[in-house]
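Asks:
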Amino acid sequence: MKFQPVFEKTTRPVLIAGPCSAETEEQVLQTARELAAQNIDLFRAGIWKPRTRPGAFEGVGTEGLRWLRRVKQETGLKTTTEVANTQHVFEALKYGIDVLWIGARTTVNPFSVQEIADALSGVDIPVLIKNPVNADLKLWMGAIERIHKVGIQRIAVVHRGFSQHGDSRFRNAPLWQLPIELKRRYPDLQIICDHSHICGRRDILGTIAQRSLDLNYDGLMTEVHPRPDEAWSDAEQQVTPFQYQEMVSHLTARLSTTDDVEFLHSLDTLRHQIDDVDEQLLQLLGSRMKLAEQIGEYKKRNNISIFQPSRWNEILEHSVEKGKKLGLSESLVAVVLRAIHQESIVHQERIMNENRPDLVKDEQEGDELAAVVR
Ligand code: PEP
Ligand code: MN
321 MKFQPVFEKT
331 TRPVLIAGPC
341 SAETEEQVLQ
351 TARELAAQNI
361 DLFRAGIWKP
371 RTRPGAFEGV
381 GTEGLRWLRR
391 VKQETGLKTT
401 TEVANTQHVF
411 EALKYGIDVL
421 WIGARTTVNP
431 FSVQEIADAL
441 SGVDIPVLIK
451 NPVNADLKLW
461 MGAIERIHKV
471 GIQRIAVVHR
481 GFSQHGDSRF
491 RNAPLWQLPI
501 ELKRRYPDLQ
511 IICDHSHICG
521 RRDILGTIAQ
531 RSLDLNYDGL
541 MTEVHPRPDE
551 AWSDAEQQVT
561 PFQYQEMVSH
571 LTARLSTTDD
581 VEFLHSLDTL
591 RHQIDDVDEQ
601 LLQLLGSRMK
611 LAEQIGEYKK
621 RNNISIFQPS
631 RWNEILEHSV
641 EKGKKLGLSE
651 SLVAVVLRAI
661 HQESIVHQER
671 IMNENRPDLV
681 KDEQEGDELA
691 AVVR
């Protein structure tokens, strides 16, 4: 898949900001005027709001589109809103919305995404696709493909975090590895961090924004409201235009690359060393598995079970201690060793059950085990 940029490439992050929901014409226009003065790139406001439980404020509907049209006329700001079905798409197009976004609760549902894609067939408008609420990279990719298939090339993704059970520092777990993997697969896809929905609170917005820029994100989506505490939706995570300006002023933009020869040379030298170490790690893992297989043969001859809890505990404890001395976190050592241990078990099982093909794990089962130990 080939993508065209939704946002012009510059050295500063793309700034998308505006209220969670359009509430009144006065609130929308006031926010837009103050944000226009800060030179943001795109003004956001939810018109149709997907709410977790009925009875909550579900958005002002089409009337709000008139307010967004006024925002554009008065401030020159481009606008974006969330669409979740065919009718939303047609209404948004009718009122001249510049960019559409697909929300997390819609990305999760292929029927809805297809409905939106069909409504967009033959239309040339940029679309932002938020990650699905659950941590499923394929579902996110599926939504991107559905929109791309109808001829839309200006697609960017919005990382807004993933639903989780229980209390956490975040409203939605960032699970940075998922968007990183998406970007690895589609390097020309622009990626925006919706830190408001990841954080769910104001105090860590700046930290998460910076983290995303350090990871080479193209920009931020932030919820901004003139009186956040009185907001009709997502009050805890919205900030005033002034607080927004403060937050943005503390960010350090990172370059994705440079033509500074000395920097590039040093980076290259270090990367070669890393490649060498990675090669050694792989060779060592290969040798370790060969040893595990020899043990497997031995256990088989003596009819001893593969899993030996006391030995495993001893390895784990010993290595965590050693790792600490080398500056490695306990979680890294535990994750790596669990994965290695799991792989050793698979190798030993293969040896032990050579004459029992029904007991030999296929690759998929191996993957499932790897997922469990992560
Ligand atoms: C929003 O941006 O206000 C919104 C509803 O977001 P999400 O789809 O990420 O929950
Ligand atoms: Mn919101």
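The sequence shown: position 178 = 498 (this note's numbering), numbered continuously. For every residue, glycine included, the Cβ atom is placed at its ideal position computed from N, Cα and C. Please read all numbers here as calculations on a predicted model, not as lab measurements.
(1) Return helix, strand or coil for Ser441, following the three-state DSSP convention.
(2) On the CB-based measure, 16 or more other CB atoms within 10 Å of its CB, does Val276 come out buried or exposed?
(3) If you draw a straight line from the C-alpha of Gln302 to the C-alpha of Leu636, how long is it?
(4) Based on the DSSP output, what are the partners of His479 in its beta bridges?
(5) What's the C-alpha gap between Gly643 and Ala654?
(6) Let me know the secondary structure DSSP gives Val447 once reduced to three states.
(7) Alpha carbon to alpha carbon, how far is Asn451 from Ala373? Give it in angstroms, no decimals.
(8) Say yes only if the C-beta of Pro370 is nearer than 8 angstroms to one or more non-hydrogen atoms of the ligand PEP, and no if none qualify.
(9) Ser639: beta carbon under 8 angstroms from a heavy atom of the ligand PEP?
(10) Give the list of continuous beta strand (DSSP E) stretches no shorter than 3 residues that lie fully inside the segment 351 to 403.
(11) Quick check on the contact list: which residues have their beta carbon closer than 5 angstroms to a heavy atom of the ligand MN?
(12) Give me the Cβ distance between Cys519 and Ile511, rounded to the nearest whole Å; I'm assuming they're in contact under 8 angstroms.
(13) Over the uninterrupted alpha helix (DSSP H) stretch that includes Val409, give me the two end residues.
(14) Please tell me whether, using a cut-off of 8 angstroms, the distance from the CB of His545 to the nearest non-hydrogen atom of the ligand PEP is below it.
(15) Per DSSP, which one or two residues make a beta bridge with Thr527?
(16) Can you tell me where the beta strand (DSSP E) with Ile422 in it begins and where it stops?
(17) Taking the Cβ atom as the reference point for each residue, do Leu362 and Thr400 lie within a distance shorter than 9 angstroms?
(18) Considering only residues of the same chain and omitting the five flanking positions on each side of Trp496, which have a CB-CB separation below 7 angstroms?
(19) In terms of residue numbering, what span does the alpha helix (DSSP H) encompassing Val640 cover?
(20) Report yes if the CB atom of Ile422 is closer than 9 angstroms to the CB atom of Val447, and no otherwise.
(21) Rank Glu411, Arg390 and Ala455 by C-alpha distance to the C-alpha of Ile436 and give the top, closest one.
(22) Whose C-alpha, out of Val433, Gln603 and Trp387, is nearest the C-alpha of Ala404?
(23) Report the CB separation of Ala365 from Ala342 in whole angstroms; it is logged as a contact under 8 angstroms.
(24) Since Lys619 contacts Met672 with CB under 8 angstroms, what's their CB separation in whole angstroms?
(25) Can you tell me whether Ile500 is buried or exposed, with buried defined as 16 or more other CB within 10 angstroms of its CB?
(26) Could you pull out every residue in the same chain whose Cβ sits closer than 6 angstroms to the Cβ of Ser664, ignoring the five residues on either side in sequence?
(27) Quick one: does the C-beta of Lys619 sit closer than 8 angstroms to a heavy atom of the ligand PEP?
(28) Mapping the DSSP letters down to three states, classify Glu674 as helix, strand or coil.
(29) Could you tell me if Ser576 is buried or exposed, where buried requires 16 or more neighbouring beta carbons within 10 angstroms of its beta carbon?
Replies: In short, the structure shows the following:
(1) The three-state reading of DSSP puts Ser441 in coil, since its state is none of H, G, I, E or B.
(2) Lying before the first or after the last residue shown, residue 276 is absent from the chain, which here runs from 321 to 694.
(3) Outside the shown range of the chain, which is 321 to 694, sits residue 302, and nothing can be said about it.
(4) Beta-bridge pairing links His479 to Cys513.
(5) Rounded to whole angstroms, the separation of the alpha carbons of Ala654 and Gly643 is 10 angstroms.
(6) Strand.
(7) Correcting the residue identity first, residue 373 is Arg in this sequence and not Ala. Between Arg373 and Asn451, the C-alpha separation is close to 21 angstroms.
(8) In this structure, the ligand PEP has a non-hydrogen atom nearer than 8 angstroms to the beta-carbon of Pro370.
(9) The answer is no for Ser639.
(10) Complete beta strand (DSSP E) runs here, min 3: 362 to 364 and 399 to 402.
(11) Listed along the chain, these residues meet the criterion: Cys340 and Asp554.
(12) In fact, because the Cβ distance is near 17 angstroms, the residues do not count as touching under 8 angstroms.
(13) It spans Thr406 to Lys414 - the alpha helix (DSSP H) in which Val409 sits, taken as one unbroken run.
(14) No; taking the cut-off as 8 angstroms, the Cβ of His545 has no heavy atom of the ligand PEP nearer than that.
(15) Answer is none; Thr527 lacks a bridge partner.
(16) For Ile422, the enclosing beta strand (DSSP E) starts and ends at Val419 to Ile422.
(17) The Cβ atoms of Leu362 and Thr400 sit closer than 9 angstroms to each other.
(18) Hits under 7 angstroms: Leu535.
(19) Val640 -> alpha helix (DSSP H) spans Pro629 to Lys645.
(20) The Cβ-Cβ distance between Ile422 and Val447 falls below 9 angstroms.
(21) For the set Glu411, Arg390 and Ala455, the Cα lying nearest the Cα of Ile436 is the one of Glu411.
(22) The shortest Cα separation from Ala404 among Val433, Gln603 and Trp387 belongs to Val433.
(23) That pair is a contact at about 4 angstroms.
(24) Lys619 to Met672, Cβ: 7 angstroms. Contact.
(25) Residue environment for Ile500: exposed (fewer than 16 other C-beta atoms within 10 angstroms of its C-beta).
(26) For Ser664, same chain residues with a beta-carbon under 6 angstroms away, outside a window of 5 residues either side, are Ala612 in chain order.
(27) The answer is no for Lys619.
(28) Glu674 falls in the coil class under three-state DSSP.
(29) Looking at its Cβ environment, which holds fewer than 16 other Cβ atoms inside 10 Å, Ser576 is exposed.
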